Amino acid sequence: MKTRSINPTGYNYAEACEVSSFSRLLFISGQVPADADDKVPADYRDQYRLAWSNIERQLKAAGMTFDNLVKFTIFLSDRSLIAKSAGLRKEILGDREPAMTIIIAGIYDEAWLLEIEAVAAA
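Just so we're aligned, residue 145 is where the sequence shown starts under the numbering used here, counting upward by one.
So, in C-alpha cells, the structure goes:
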C-alpha cells in the first residue's frame, strides 16, 4: 500500500490522503474511551489515549497498525476539548498525517468526552 498526504497541515493530519496499491479497507466504528471492564477515566487526556488505544486494538485485530490509517473522525462533546487535545495526537500518531475531521456533537454516554472512528487500508 502506498499513501500520500496532500496539503499537510503540520498538526498531524493532512487535508487529504491518497491511497494506492491497496487490497483491503478497514472501517472502524466509533471507539469510545471505555476499557474492557467498561470503566471510563474522568480525565479527558486519559479518555483520549484510551479511545486511540481502542482504535489500535481494532487495527491489530485486522493485522494493521497506525501506519495503515488513512482517515479518522473525532467526535468531541464540547468545543473546549479542542485545546486540551494539543500534543496528544502527535504523541499517539507520531509523524503520520492521515485525513481528519473533528465534529462537536452530543455523545451517546455523558461520561464519554469523545469518540473516534477511523478508516485504514492495507
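Beta carbons: idealized from backbone N, C-alpha and C, even for Gly. Values in this document were obtained by computation on a predicted structure and should not be read as measured data.
query, result
"Exposure of L220, with buried meaning 16 or more beta-carbon neighbours within 10 Å", "buried"
"Three-state class that DSSP yields for S197 in the structure shown", "helix"
"Contact between the segment 169-178 and the segment 234-241 (3+ Cβ pairs under 8 Å)", "no"
"Nearest residue (CA-CA) to G207, options I226, A243, A158, R168", "R168"
"Cutoff 8 Å; reference I256; Cβ partners in own chain excluding five residues on either side", "The sequence shown places Trp at residue 256, not Ile. So the list reads V176, P177, A178, V184, Q191, S221, once near-sequence residues are dropped."
"Chain-order list of residues whose beta-carbon lies under 7 Å from that of W196 (same chain, five-residue window excluded)", "I236, I260"
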